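Written out below as structure tokens is the structure these notes cover.
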Amino acid sequence: MNFLSRSKSLYKFSSLNALRIPVSVSSAVRIPRHFYSTEKPKHLVLSMVGKDRVGIVRDFAKFLAKDGGNVEESRMTKLGGEFAMILLVSLRSQTPEEFTEKLHKAFPGFNIHSSVTEDEAVAESDSSIKPYEIWVDGPDSTGIVAAVTDALASKSIAIDSVETETVAAPFAGYTTFHMILKARLPEGKVQMIEKQLEEVGDKFGVDIEVVDEEDAEDEDFEDGK
Numbered sequence: 672m673n674f675l676s677r678s679k680s681l682y683k684f685s686s687l688n689a690l691r692i693p694v695s696v697s698s699a700v701r702i703p704r705h706f707y708s709t710e711k712p713k714h715l716v717l718s719m720v721g722k723d724r725v726g727i728v729r730d731f732a733k734f735l736a737k738d739g740g741n742v743e744e745s746r747m748t749k750l751g752g753e754f755a756m757i758l759l760v761s762l763r764s765q766t767p768e769e770f771t772e773k774l775h776k777a778f779p780g781f782n783i784h785s786s787v788t789e790d791e792a793v794a795e796s797d798s799s800i801k802p803y804e805i806w807v808d809g810p811d812s813t814g815i816v817a818a819v820t821d822a823l824a825s826k827s828i829a830i831d832s833v834e835t836e837t838v839a840a841p842f843a844g845y846t847t848f849h850m851i852l853k854a855r856l857p858e859g860k861v862q863m864i865e866k867q868l869e870e871v872g873d874k875f876g877v878d879i880e881v882v883d884e885e886d887a888e889d890e891d892f893e894d895g896k
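Here it is in structure tokens:
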């Protein structure tokens with residue numbers, strides 16, 4: 672079955688491990704304050720969209736590393752002629768306002784939106800809740816995403832991430848649609864959700880599979896992805 676690449680997009684642009692300082696001379700080296708600061712970092716969610724060109728990710732990485740910032744999570748992709756980035760950034764040496772102002776100056780022509788957030792892990796009170804992937808593959812048609820997500824929302828399932836793409840299939844005579852959706856499902860609801868999604872698949876003529884995320888990672892490894 673043809674599915675989207677399920678690669679883990681995680682970028683780390685600064686790290687103490689990157690410093691290679693001999694013990695005998697470390698006292699003579701000026702270490703930037705952000706490398707040893709015990710101050711709790713501030714977290715910022717960024718969205719950036721601008722005309723695609725070579726070097727956007729490199730330029731952003733250099734901009735961020737210059738002031739000791741770090742990318743905690745990110746999604747970056749080309750959409751049409753635009754390049755879009757969504758990132759969770761941690762800052763230590765400057766305020767979110769200062770960072771955003773500099774970012775606008777460094778990337779003129781980009782639509783930039785920022786929002787301060789708390790980077791706190793959500794503790795699941797129910798140990799039976801596990802991460803799953805929902806794979807959708809078949810002919811493209813209007814309403815597939817709405818139907819799949821409606822089925823999940825009706826069971827009070829929150830979505831963690833969604834990736835979609837359409838691919839021309841000239842030999843088949845139609846455009847194919849691929850989606851990978853990640854969500855946390857209660858074990859007691861998995862079969863019920865699978866049945867409801869099966870009905871959605873029958874309606875739109877697509878294959879829908881609900882896969883434990885650990886099994887999905889094992890399959891990626893076996894496929895060499």
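Note that the sequence shown ends on residue 896 in this note's numbering; no numbers are left out. We put the CB at the ideal spot given by N, CA and C, even for glycine. Computed from a predicted structure; not experimentally measured.
- Secondary structure at A843: coil, using DSSP grouped into helix, strand and coil.
- Exclusion of the five residues before and after Y803 leaves K853, A854, R855, L856, V861, V881, V882, D883 and E884 as the residues of its chain whose Cβ lies within less than 8 Å of its Cβ.
- Beta-bridge annotation (DSSP): L852 is paired with I805 and V833.
- Around the CB of H849, 16 or more other CB atoms lie within 10 Å, so the residue is classed as buried.
- Fewer than three pairs of CB atoms, one per stretch, sit closer than 8 Å, so the region 863–880 makes no contact with the region 836–846.
- Between G876 and P810, the gap from beta carbon to beta carbon is short of 7 Å.
- Judged by their CB atoms, F754 and L762 are not nearer to each other than the 7 Å cut-off.
- E744 has L759 as its beta-bridge partners, per DSSP.
- Here V838 has T847 as same chain residues with Cβ atoms under 6 Å from its own Cβ, once five neighbours each way along the sequence are excluded.
- Rounded to the nearest whole angstrom, the CA to CA distance from P767 to L715 is 7 Å.
- By alpha-carbon distance to K713, the top candidate from T820, Q765, L735 and M719 is Q765.
- The three-state secondary structure of K733, taken from DSSP, is helix.
- E769: member of the alpha helix (DSSP H) spanning P767 to A777, first to last residue.
- Of all alpha-carbon atoms in E744, T820, E858 and L758, the one lying nearest the alpha-carbon of Q867 is that of T820.
- For the pair S785 and E744, the Cα-to-Cα distance works out to about 14 Å.
- Residue burial annotation: A818 is buried, with at least 16 other C-beta atoms found within 10 angstroms of its C-beta.
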